[in-house]
């Protein structure tokens, strides 16, 4: 996407193995590990995007820790339910209308081991589009993070 004030790029990774970023900086660049089996992002700041910083995540194991998301129109977007999801100790400011974390409509999160805790979010914490996130999973996410707005939802959380 190009505007007078913002040029975005996308690092699209089509591998089926592991993708790991540690201590990398992404300025106006999103990461899209479309087919990766595992994803790990540690202490790798994202800044100045008109899109999600990390998107199209279909990994069975995803860990995002100690990362700062600044002025990105969304933190990250899970496009399928992982087996294990860990999102801890991140900071989100200026994430726009999409919020810090989006669970897409695809995938079944019923049996996903989810730890989303210790994150500081200025804005919406969660954009929930998936009906399989349980009430207990949702409650743990809401209770273990600091945020301005808890959730934008297009589904009923049961």
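In my numbering, the protein residues as written are 68 to 225. Just so you know, even glycine gets a beta-carbon here, dropped at the ideal spot from N, CA and C.
Same chain, Cβ closer than 7 Å to residue i, neighbours up to 5 away in sequence not counted
| i | result |
| --- | --- |
| residue 87 | 107 |
| residue 80 | 86, 99, 100, 101 and 103 |
| residue 69 | Note that residue 69 has pLDDT 44, beneath the 50 cutoff, so the model's placement of it is unreliable and no number is given. |
| residue 173 | 146 and 147 |
Member of the options whose CA lies at the smallest distance from the CA of residue i
| i | options | result |
| --- | --- | --- |
| residue 170 | 196, 164, 128 and 96 | 196 |
| residue 215 | 150, 147, 162 and 124 | 162 |
| residue 207 | 190, 172, 160 and 153 | 153 |
| residue 164 | 180, 178, 130 and 116 | 116 |
| residue 142 | 193, 205, 176 and 92 | 193 |
Residues of its chain near residue i, where Cβ-Cβ distance is below 6 Å and the 5 sequence neighbours each way are ignored
| i | result |
| --- | --- |
| residue 158 | 135 and 187 |
| residue 182 | 153 |
| residue 105 | 85, 126 and 128 |
| residue 151 | 128 and 180 |
| residue 144 | 119, 122 and 169 |
| residue 130 | 107 and 153 |
| residue 213 | 187 |
Same chain only: Cβ atoms within 8 Å of residue i, ignoring 5 sequence neighbours per side
| i | result |
| --- | --- |
| residue 225 | Unreliable positioning characterises residue 225 in this predicted model, as indicated by a pLDDT of 45, which lies under 50. The coordinate reading is nonetheless provided below. Closer than 8 Å at Cβ, skipping near neighbours: 198, 201 and 202. |
| residue 176 | 148, 170, 197, 199, 200, 201 and 204 |
| residue 223 | At residue 223, the pLDDT of 49 sits below 50, so the modelled position is not reliable and the matter cannot be decided from this model. |
Whether residue i touches residue j by CB criterion (8 Å)
| i | j | result |
| --- | --- | --- |
| residue 189 | residue 160 | yes |
| residue 127 | residue 109 | no |
| residue 191 | residue 166 | yes |
| residue 146 | residue 123 | yes |
| residue 111 | residue 82 | no |
| residue 211 | residue 185 | yes |
| residue 118 | residue 97 | yes |
Paired residues, beta bridge with residue i - DSSP
| i | result |
| --- | --- |
| residue 114 | 94 and 137 |
| residue 105 | 85 and 128 |
| residue 76 | 96 |
| residue 213 | 187 |
| residue 208 | In DSSP, residue 208 forms no bridge with anything. |
| residue 158 | 135 and 187 |
| residue 153 | 130 and 182 |
- Can you check the region 164-199 for any beta strand (DSSP E) of at least 3 residues that lies completely inside it and give the ranges in chain order? 168-170, 180-184 and 187-195
- Task: Write down every uninterrupted run of the beta strand (DSSP E) in the region 78-103 whose length is 3 residues or greater and which is fully enclosed by it, in chain order.
- Result: Listed in chain order, they are 85-89 and 96-100.
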